[in-house]
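Accompanying notes for the structure given below.
Protein chains in written order, with UniProt numbering: chain B, 1 to 105; chain F, 1 to 156.
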């Protein structure tokens, strides 16, 4: 963790930034809630989650749901400790930029 | 490489502010979701009231079955809340732990009052004890949900 903040290009993509922001606020979040909050399709969300998962920032847990007639699964998503630290560092960097106190020219 | 911050310092500042604003707006949406299940706190209160009322049951009644059902229903209540909101807040903060502890102690207190009333031959007064327990448990559950909302709001 960097007290000065550390800009992360992978997290900075707007949808991925919002994904991390939503997951940072909770312990686990349902895939459908994430999709509906972001207003994107399942496929688009899955693509971004795959990028974050490959980087080790997000994990997922699928649970079969008997409540669903088609036996689809519920997917619970969680930000990893590494993902949380990277996101927090990135937010600190963004805040410095927003406040005009950053080192970016 | 993706970089959606414009060139120029003031543009970068405003772009960063917009991104931070989006994150806040998303968190507000999560808080709304946590508020949606209005049934959670009163149902929790009702479970407490049922538990407090059990001394009024006839001796022949299977109280163990009732108590087990209350505990199972309590667990299902929490799972139902998570399923409806799509949000899991698994870790208790100190405040939430304290509220949970107070809820347990308050329910046990009113349960002991009910036991005393039943032993004193005043079973109808158990209703008053159950109502008081319902109000206390519901109020504490509402405080617990409020604390969870604050936790979501206060994220860095």
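A virtual CB, placed ideally from N, CA and C, is assigned to each residue, including glycine.
Length of the line joining the Cα atoms of residue 72/F and residue 46/F: 14 Å
What does residue 16/F reach in chain C if we use C-beta pairs closer than 8 Å? This model lacks chain C altogether, as its protein chains are B and F.
One question on the structure: do residue 56/F and residue 134/F come within less than 8 Å of each other, judged by their Cβ atoms? no
Status (buried if at least 16 other CB within 10 Å, exposed otherwise) for residue 53/F: buried
Does the distance from the C-beta atom of residue 138/F to that of residue 44/F stay below 8 Å? yes
Where residue 54/B and residue 26/B are concerned, what is the direct C-alpha to C-alpha distance, given to the nearest angstrom? The alpha-carbon separation between residue 54/B and residue 26/B amounts to approximately 21 Å.
Where does residue 71/B land, buried or exposed, given buried means 16+ other C-beta within 10 angstroms? Residue confidence is low: residue 71/B scores 48 on pLDDT, short of 50, so the model does not pin down where it sits. Its coordinate-derived value is still stated next. That one is exposed.
Can you list the residues of chain F that residue 4/B reaches, using a CB-CB cut of under 8 Å? Chain F residues near residue 4/B: none, gap ~14 Å exceeds 8 Å.
Using a C-beta cutoff of 8 Å, does residue 93/F count as contacting chain B? The beta carbon of residue 93/F does not come within 8 Å of any beta carbon belonging to chain B, so the residue lies off that interface.
Separation of residue 80/B from residue 19/F, as counted between CA atoms: So the two alpha carbons sit approximately 22 Å from each other.
Say whether chain F places a C-beta atom closer than 8 Å to the C-beta of residue 44/B. no
Complete alpha helix (DSSP H) runs within the stretch 30-69 of chain F (minimum length 4 residues, chain order): DSSP runs (the alpha helix (DSSP H)) wholly in the stretch 30-69 of chain F: 40-53.
Relative to the C-alpha of residue 68/F, which residue among 79/F, 59/F and 51/F is closest? Among 79/F, 59/F and 51/F, the Cα nearest to that of residue 68/F belongs to 51/F.
Cβ of residue 87/F within 8 Å of any chain B Cβ: For residue 87/F, the answer is yes, since a Cβ of chain B falls inside 8 Å of its Cβ.
What does the alpha-carbon distance come out to for the pair residue 152/F and residue 104/F? 25 Å
Kindly give me the distance between the Cβ atoms of residue 21/B and residue 57/B, rounded to whole angstroms, as I take these residues to be in contact under 8 Å. Between residue 57/B and residue 21/B the Cβ distance is about 12 Å, and since that is not below 8 Å, they are no contact.
Among 66/F, 102/F, 16/F and 88/F, which residue has its Cα nearest to the Cα of residue 31/F? 88/F
Cα-Cα, which of 93/F, 78/F, 11/F and 9/F is closest to residue 39/F? The shortest C-alpha to C-alpha distance from residue 39/F to any of 93/F, 78/F, 11/F and 9/F is the one to 78/F.
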